[in-house]
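What follows is a short report on a single structure.
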Amino acid sequence: MPASSPWPARLALALLLLVLSGASVLLWRQIEAVQQQRVDERIGYQARSLARQLESTLHLEVASLERIARLWNSLGRLPRASWGEEVELALRGFPAYQSIQWIGPDLHMRWLLPVAGNEAALNFRLHPEHPNYPLAMEARESGEQRFSNSFDLVQGGRGFVLYTPLYRELNGSKVFDGFLQGVFRVEPLMLQLLTQINREAFNLELLENGHSLFRHGAADTDMRHGLQLGLSLLNNQDFSLRLSPTEQLLDQLESPLPGVALGASLAISLLLVAALALALENSRRARALQLANRRFREEAERREETEQRLRENRERLQLVLDLTDSSHDGLFIFDSSSRELLHMNQATYATLGYRPEQFAELLRDDPEKLMPDFHRWLEQARQAQRANLSRIFQRELIRRDGSRQPAEINTQLVQLHDREYLIAVSRDNSERLQLEAQLQRLSQLDGLTGLYNRRHFDQQLLAEWRRLRRLDAPLALLMLDIDHFKAYNDALGHLAGDDALRRVSAALRDSLQREGDTACRYGGEEFAIILANTHQEGAEQVAARIHAAIASLDIKHPTSPLGRLTLSIGITVVDPVIDEQPGELLAQGDQALYRAKHEGRNRTCLWQPPVLDLHQAT
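By the count of this note's numbering, the sequence shown reaches residue 620 at its end, each step adding exactly one.
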């Protein structure tokens with residue numbers, strides 16, 4: 003009988019090897035994608051943190067200049083000494099300033115601090131040819147602050163300017179009184195931001211319209227990991243931050259597991275196909291050597307050798323399964339129709355408190371007790387794969403004790419032998435969700451005092467204004483400022499000043515008795531308190547409690563007439579109406595606070611509308 007051709011069997015083995023190799027590559031790409039996602043998550047988290055930090059820092063300084071401008075606009079042109087005192091406070095709190103300037107209505111430089119290092123700008127005049135001239139004119143016409151693009155400073159180097167228009171009363175009308183300019187240098191601003199990250203781990207670049215202004219570290223050559231985020235700096239949307247990991251950080255984050263899994267899978271596939279080929283060859287020889295006992299014995303020996311190799315292959319396969327058990331991520335594969343479990347690693351059931359058979363039984367008989375909306379999730383996975391959309395889902399798994407565990411599940415549907423199988427990799431991402439919630443909360447708080455910051459104050463004031471306008475209820479605003487705080491800092495140092503700010507902030511927080519009342523750090527040593535649905539009497543009671551709380555602190559002040567730290571309070575109470583804006587309430591609070599300062603400090607003054615002079619009116 004002619005021997006059968008070996009080529010069909012060889013082609014079948016080659017096809018099997020291709021299928022197993024493809025599955026190995028698919029597993030490798032899946033693990034590699036999870037690792038890549040972890041790197042991208044860290045880069046994204048760090049980049050968003052830096053962008054929010056830079057925006058928050060600049061908005062705080064914008065608020066500081068805006069406060070000086072409100073004093074100017076409300077009280078008229080400030081004396082130079084008062085202006086200098088306010089500017090010194092702003093400069094001390096922000097080292098990235100090159101200078102703060104007053105340019106008069108004729109656009110000539112009038113006042114400038116500090117003078118040292120800015121001598122070249124003393125005779126500066128804003129000409130129409132200057133690149134910032136149109137922006138400055140826009141600020142003057144709109145009455146709003148404008149943040150410029152970068153340009154060459156007359157002092158040398160690149161910088162930005164924040165234009166704040168000033169006005170004063172003349173013959174009963176407001177006239178333009180020049181600009182309050184905050185000049186920032188690029189390099190000090192970015193060096194201050196670099197203190198927030200590990201310099202050895204990240205490359206940082208500041209871009210303006212796609213052009214680099216500042217770079218720390220090497221240029222971003224690996225665009226897979228780089229992330230660029232736009233910055234919102236008042237009116238200016240031209241700036242962005244680009245963050246990328248260094249090779250050192252990538253070496254730390256990358257794991258050899260994908261390569262190990264790929265190599266092991268390919269090796270096992272090759273060994274399995276080789277073993278099958280050897281088995282086929284032995285079978286063919288057995289049929290050819292049926293008449294000889296010697297050949298029978300040789301065939302038996304070969305069979306025994308083959309079985310040994312198969313056992314070794316099974317052991318290697320078990321080793322791969324054991325490696326998956328060492329992963330902290332859950333891996334499970336099941337038939338999507340019958341929900342019969344084909345494989346799962348230890349992390350799949352152990353982190354939920356189940357035994358393997360309990361997990362498999364729940365998945366088969368009642369998957370809703372294991373994952374709420376299980377069937378909807380399975381359908382979403384099918385739709386996502388058909389539409390080539392993201393197959394990463396945020397779900398909840400139910401532990402054995404009934405508690406719930408957040409889980410990020412990556413799915414892959416595979417069709418084999420007319421059956422559909424689902425490969426799922428689950429990861430407990432509760433820590434990342436908690437970090438995101440904490441980051442959202444920290445973005446609303448002042449880092450020194452723990453009170454809400456200026457950004458949250460603006461949002462809360464506008465929200466309460468609209469709410470109380472609908473309810474036709476009153477709104478009270480308290481503006482507070484620590485008396486002689488510059489002298490306190492000069493006498494005892496900034497560490498003592500920071501400690502005093504924290505103690506005063508704690509006293510303000512303890513003085514509020516209602517949950518809806520909000521205390522904020524408005525800027526520097528100035529604070530603001532929003533009292534919703536509160537009349538004048540209630541606001542005055544809160545102010546009295548604050549004065550008593552500050553007095554009980556008994557913080558020694560060597561240069562205060564009273565020998566202790568005190569504060570002044572301005573109160574304004576309004577019924578929000580449609581034709582008014584919260585900005586008018588802020589201006590009234592500032593005027594009341596200024597009157598409290600002017601009348602001797604350590605007191606509370608209520609805002610009073612200006613008295614009409616009847617003789618002058620007639």
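We put the beta carbon where it would ideally sit given N, CA and C, even for glycine.
Since this is a predicted model, take the numbers as computed values, not measurements.
W74, buried or exposed, once every other Cβ within 10 Å from all chains shown has been counted against 16:
buried
Bridge partners - I105, DSSP secondary structure assignment:
M111, F181
When burial is assigned at 16 or more other CB atoms within 10 Å of the CB, is T166 buried or exposed?
buried
Tell me the DSSP secondary structure of Y596 in three-state form.
helix
Do the segment 53-69 and the segment 467-483 meet, that is, are 3 or more Cβ pairs less than 8 Å apart?
no
What distance in whole Å lies between the Cβ atoms of L608 and A589, which are believed to be in contact at a cut-off of 8 Å?
Rounded, the Cβ-Cβ distance is 15 Å, inconsistent with contact.
On a Cα-Cα basis, can you pick out the residue from L321, H129, L343, L477 that is closest to H110?
H129
Just to confirm, are R397 and G355 a CB contact at a threshold of 8 Å?
no
Whose C-alpha, out of A362, L569, R289, is nearest the C-alpha of E342?
A362
Which residue or residues does DSSP assign as beta-bridge partners of Y655?
Because the chain in this structure spans residues 3 to 620, residue 655 falls outside the shown range and cannot be described.
Expected contact under 8 Å - CB spacing of L453 and R406 to nearest Å
With a Cβ gap of about 34 Å, L453 and R406 do not count as contacting.
Residues of its chain near G591, where Cβ-Cβ distance is below 8 Å and the 5 sequence neighbours each way are ignored:
L479, L480, M481, A530, G572, I573, T574, W609
With 16 other Cβ atoms within 10 Å as the buried cut-off, status of V579
exposed
Tell me the DSSP secondary structure of Q436 in three-state form.
helix
Here's the rule I'm using: 16 or more other beta-carbon atoms within 10 Å means buried, otherwise exposed. How should A489 be labelled?
exposed
Short of 7 Å in beta carbon distance, which residues of its chain neighbour W379, apart from the five on each side in sequence? Order them along the chain.
M373, F395, R397
Length of the line joining the Cα atoms of L77 and N125:
27 Å
Unbroken beta strand (DSSP E) run spanning F204, endpoints
204-210
Length of the line joining the Cα atoms of A35 and R148:
44 Å
Which residues in the same chain as A71 place their Cβ atom closer than 7 Å to its Cβ, once the five residues preceding and following it in sequence are excluded?
T166, L168, L182
I'd like to confirm the pairing. Which residues does DSSP put opposite Q396 in its beta bridges?
E410
By the DSSP assignment, the alpha helix (DSSP H) with L555 in it spans what residues?
538-555
Within the same chain, show all residues whose beta-carbon is closer than 8 Å to that of Q292, passing over the 5 residues directly before and after it, in chain order.
F298
Nearest-angstrom Cα distance between H600 and R69?
17 Å
Quick check: the segment 443-451 against the segment 499-516, are at least 3 beta-carbon pairs closer than 8 Å?
yes
What residues are listed by DSSP as bridge partners for R421?
L418
Taking Q417 as the reference, which of Q387, R434, Q442, P408 has the closest Cα?
Q387
Taking the continuous beta strand (DSSP E) assigned at D337, which residues delimit it?
332-337
Who are the Cβ neighbours of S23 in its own chain at under 7 Å, not counting the five residues just before and after it?
L268, S271
Shortest alpha-carbon distance to Q230 belongs to which of S150, E207, G518?
E207
When the Cα atoms are used, what is the spatial distance from H486 to T561?
8 Å
Starting from the N-terminal side, write out each stretch of the beta strand (DSSP E) that is 3 residues or longer and does not extend beyond the segment 20-57.
none
Stretch pair the segment 231-245 + the segment 137-157: three plus CB contacts closer than 8 Å:
yes
Would you give the residue range spanned by the beta strand (DSSP E) that F126 belongs to?
No beta strand (DSSP E) contains F126, which DSSP labels as neither H nor E.
Out of D368, F186, D430, which has the shortest C-alpha to C-alpha gap to T350?
D430
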